[in-house]
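Protein chains in written order, with our numbering: chain A, 5 to 186; chain B, 3 to 281. Written out below as structure tokens is the structure these notes cover.
Now the structure itself:
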């Protein structure tokens with residue numbers, strides 16, 4: 005089918021022939037084509053292709069560069085993150101240690117205070133006991149003297165005798181001794 | 003169905019040819035000295051001469067200039083938008099896809115080291131052909147890339163770029179010595195020289211013919227399908243004609259993109275071969 009059409013077309017072209025056929029090259033048109041194309045090539049080359057291709061190249065380079073930079077920044081960020089994590093772990097360790105230390109110190113202090121206060125209390129108690137003992141002894145002596153006086157007074161009142169005080173005292177003591185012996 | 007359609011197309015072509023002593027299809031495909039807005043009329047273009055040489059402004063010249071103006075406008079705008087910020091916005095994104103495609107998929111792999119020098123030519127050629135191809139798909143317009151004079155000129159440009167690139171990179175003598183592969187027996191040298199020199203010219207020749215034929219063929223088929231309606235003198239055939247023409251038109255959109263790519267790709271490939279001859 006195509007072949008038949010082809011031959012029909014060819015026969016037309018062939019029959020045209022001469023100066024106005026489909027396959028004849030028109031010099032005027034060739035001249036205009038050359039002129040138009042060369043001017044177009046010059047204008048486009050100078051005002052279109054050059055800036056466009058430069059811009060495209062620039063853009064490609066910019067993209068390439070920013071990609072590389074992004075890669076670099078990513079790397080940097082990773083490094084910083086690792087660093088941060090390390091320092092965080094270190095700080096945690098440090099704080100743990102500090103807490104531990106302070107706890108131990110507090111414990112120590114507590115024990116010390118307790119001990120000290122215990123000792124102080126003991127001392128107070130001891131002092132108090134000694135004082136009490138002393139006071140007791142003093143009171144006892146006083147009492148003894150007073151009792152002796154009272155007894156003398158009472159005996160002198162009772163006897164209503166004008167006895168020698170010395171003799172009386174000796175007598176009372178003799179009685180007291182006898183009493184305490186019993 | 004297939005053979006019937008073929009028969010009809012062939013018939014229609016023959017009929018039209020006999021009717022007008024030429025072909026109305028070719029009138030639409032070929033260059034002319036008027037802008038065709040039929041049925042609304044025609045705008046005749048001025049006739050110019052330079053030293054007795056006919057340089058009339060023709061239909062294809064007008065559309066070539068239109069493409070050139072569009073190209074200049076679009077890409078200077080794109081260039082300006084990069085001045086404001088390196089981040090593309092709006093239509094700049096769209097055009098950037100093509101520019102980066104030409105740079106990374108066409109020039110870089112085929113030319114390799116030193117491809118930047120050839121980028122302006124390749125980009126200009128790519129977009130010039132691309133805009134020409136797509137302009138041709140607009141109703142009432144003409145496809146200047148379907149004119150052999152235009153494609154031959156473009157191919158000549160490619161040829162010059164290829165040779166100059168090769169000579170610049172390898173030196174004048176080095177380049178022509180490098181054309182002949184290493185290790186060729188001495189008695190084959192005369193033949194090889196002829197073959198290689200011929201090869202230099204067949205490459206751009208193929209470029210010219212390929213672009214011209216691809217851009218012309220689709221249009222001729224569309225016109226032929228539409229002409230079925232008139233040949234059969236029946237409205238009943240019009241859904242078939244229009245449907246198939248629409249299909250071919252969609253195909254043309256693809257071809258328009260593809261041919262711009264192929265022309266640029268092959269030019270780039272030949273430049274690469276000329277610049278780095280060791281491969």
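Note that beta-carbon positions come from the ideal geometry of N, C-alpha and C, so glycine has one too.
Environment of residue i [buried if 16+ CB atoms lie within 10 Å]
| i | result |
| --- | --- |
| residue 21 of chain A | Low confidence applies here, because residue 21 of chain A scores a pLDDT of 43, under 50, leaving its location unreliable; read the following figure in that light. So residue 21 of chain A counts as exposed. |
| residue 177 of chain A | exposed |
| residue 205 of chain B | buried |
| residue 131 of chain B | buried |
| residue 153 of chain A | exposed |
| residue 107 of chain A | exposed |
| residue 138 of chain B | buried |
| residue 245 of chain B | exposed |
| residue 266 of chain B | buried |
| residue 30 of chain A | buried |
| residue 42 of chain B | exposed |
| residue 46 of chain B | exposed |
| residue 71 of chain B | exposed |
| residue 102 of chain A | exposed |
| residue 57 of chain B | buried |
| residue 184 of chain B | exposed |
| residue 274 of chain B | buried |
| residue 29 of chain B | exposed |
| residue 201 of chain B | exposed |
| residue 105 of chain B | buried |
Helix, strand or coil at residue i [DSSP, three-state]
| i | result |
| --- | --- |
| residue 23 of chain B | Caution is warranted here: a pLDDT of 37 is assigned to residue 23 of chain B, below 50, making its placement in the model unreliable, and the coordinate value is therefore given only provisionally. Of the three classes helix, strand and coil, the one that applies to residue 23 of chain B here is coil, per DSSP. |
| residue 278 of chain B | coil |
| residue 28 of chain B | helix |
| residue 48 of chain A | helix |
| residue 59 of chain B | coil |
| residue 102 of chain A | helix |
| residue 38 of chain B | strand |
| residue 182 of chain B | coil |
| residue 52 of chain B | strand |
| residue 129 of chain A | helix |
| residue 91 of chain B | coil |
| residue 114 of chain A | helix |
| residue 44 of chain B | strand |
| residue 235 of chain B | coil |
| residue 141 of chain B | coil |
| residue 201 of chain B | helix |
| residue 82 of chain B | helix |
| residue 33 of chain B | coil |
| residue 206 of chain B | helix |
| residue 30 of chain A | coil |
Closer than 8 Å to chain A by CB, residue i
| i | result |
| --- | --- |
| residue 58 of chain B | yes |
| residue 33 of chain B | yes |
| residue 126 of chain B | yes |
| residue 208 of chain B | no |
| residue 84 of chain B | yes |
| residue 157 of chain B | no |
| residue 63 of chain B | yes |
| residue 67 of chain B | yes |
| residue 273 of chain B | no |
Selected residue, minimal CA-CA separation from residue i, among the options
| i | options | result |
| --- | --- | --- |
| residue 129 of chain B | B:149, B:170, B:258 and B:199 | B:258 |
| residue 119 of chain B | A:156, A:54, A:63 and A:133 | A:54 |
| residue 88 of chain B | A:76, A:56 and A:79 | A:56 |
| residue 221 of chain B | B:255, B:207 and B:240 | B:255 |
| residue 62 of chain A | B:84, B:52 and B:69 | B:84 |
| residue 78 of chain B | A:32, A:71 and A:52 | A:52 |
| residue 252 of chain B | B:140, B:163 and B:179 | B:140 |
| residue 86 of chain B | A:66, A:59, A:45 and A:35 | A:59 |
| residue 45 of chain A | B:90, B:124, B:76 and B:273 | B:124 |
| residue 146 of chain B | B:189, B:27 and B:213 | B:213 |
| residue 144 of chain B | B:264, B:38, B:55 and B:162 | B:38 |
| residue 97 of chain B | B:218, B:197 and B:126 | B:126 |
| residue 151 of chain A | A:137, A:180 and A:171 | A:180 |
8 Å contact criterion, which residue i and residue j should meet: CB distance rounded
| i | j | result |
| --- | --- | --- |
| residue 150 of chain B | residue 210 of chain B | 7 Å |
| residue 135 of chain B | residue 279 of chain B | That belief does not hold up - the Cβ atoms of residue 135 of chain B and residue 279 of chain B are roughly 32 Å apart, past 8 Å. |
| residue 74 of chain B | residue 35 of chain B | With 8 Å as the limit, residue 74 of chain B and residue 35 of chain B do not qualify as a contact, their Cβ atoms being about 25 Å apart. |
| residue 227 of chain B | residue 193 of chain B | Going by Cβ atoms, the distance from residue 227 of chain B to residue 193 of chain B rounds to 47 Å, so no, they are not a contact pair. |
Any C-beta of chain B under 8 Å from that of residue i
| i | result |
| --- | --- |
| residue 27 of chain A | yes |
| residue 57 of chain A | yes |
| residue 62 of chain A | yes |
| residue 76 of chain A | no |
| residue 34 of chain A | yes |
| residue 52 of chain A | yes |
| residue 92 of chain A | no |
| residue 66 of chain A | yes |
| residue 47 of chain A | yes |
| residue 85 of chain A | no |
| residue 44 of chain A | yes |
| residue 30 of chain A | yes |
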